[in-house]
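Single-structure report; data block below.
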Amino acid sequence: MNFCSHCGEAVTLRVPEGDNLPRYVCDACGAVHYQNPKIVVGCIPEWEDRILLCKRAIEPRYGLWTLPAGFMENGETVQQGAARETLEEARAQVAVGGLYTLFNLPHISQVYMLFRARLETLDFGPGTESLEVSLMREDEIPWEQIAFPVIGESLKLYYRDRAAGRFRLRTGHIERLPGPERRFRTRIYTNDES
Ligand SMILES: [Zn+2]
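Residue 888 is where the sequence shown starts when you use our numbering, and the numbers rise one by one after that.
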């Protein structure tokens, strides 16, 4: 951030009085521009024994598969956001069900919330951010071509819970390990005993 969104003057990055983290501060009008984590909402759209995945038509991770999900907008609920993203990316109407996974991604300051959802019709297709949209059985999931660790971890939990015949909220966090390679550490807070 270079300029104040209130008055247009230059901002400086410093710790405001009484605070303990650096913030973008406008010395002209006094505004403090806080930056906080973003919430990503999405769905696991189900149809019988299949789920709907989208092949990304945008960077990052172009050409890889993901669940329909995206940044929550102001003025909507998390469920509305999850349904909207599914409509935008997969042109699919869903009835949003229970929250299934909640992952913290502190290295990119995001919180992911994925809901189970029921596809209302088989009328779907790629939105502008997708190359292709496909209903897949478990043995058709392209595990080596999943766009993001949070999606792969959520799908692994999903199939484990489905095999056990019981879904429950799964929470955890995923951190990117230092270094040039894409390596991650995952911790699931909820385990089979809890
Ligand atoms: Zn200002």
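Ideal placement from N, C-alpha and C gives every residue a C-beta, glycine not left out.
Is any heavy atom in ligand 1 found nearer than 7 Å to the beta carbon of Ala969? no
Beta carbon of Leu989, beta carbon of Thr1058: below 8 Å? yes
Could you tell me the alpha carbon to alpha carbon distance between Cys894 and Ala918, rounded to whole angstroms? 9 Å
Could you check which residue in Gly985, Arg1003, Ser1021 and Met959 has the C-alpha nearest to that of Phe1011? Ser1021
What's the call for Phe890, buried or exposed, on a 16-neighbour Cβ count within 10 Å? exposed
Does ligand 1 have a heavy atom nearer than 7 Å to the CB of Glu1062? no
One question on the structure: do Ile938 and Met1023 come within less than 8 Å of each other, judged by their Cβ atoms? yes
Check whether the region 999-1008 touches the region 974-982, counting contact only when three or more Cβ pairs, one atom from each stretch, lie closer than 8 Å. yes
Should Leu1086 be labelled buried (16 or more other beta-carbon atoms within 10 Å of its own) or exposed? Here the chain has residues from 888 to 1081 only, and residue 1086 is not among them.
Where does Gln922 land, buried or exposed, given buried means 16+ other C-beta within 10 angstroms? exposed
Over what stretch of residues does the beta strand (DSSP E) that includes Ala1050 continue unbroken? No beta strand (DSSP E) holds Ala1050; the alpha helix (DSSP H) holding it covers Pro1036 to Ala1051.
Cutoff 7 Å; reference Ser1081; Cβ partners in own chain excluding five residues on either side: At Ser1081, the pLDDT of 48 sits below 50, so the modelled position is not reliable; the number obtained from the coordinates is stated separately. The answer is none, since no qualifying residue turns up.
List the residues that DSSP assigns as beta-bridge partners of Arg1003. Ile931
Could you tell me the distance, in whole angstroms, from the CA atom of Phe1054 to the CA atom of Tyr1045? 7 Å
Between the C-alpha atoms of Val902 and Val912, what's the straight-line distance to the nearest angstrom? 8 Å
In the DSSP assignment, find the beta strand (DSSP E) that holds Gly1059 and state where it starts and stops. Arg1057 to Arg1063
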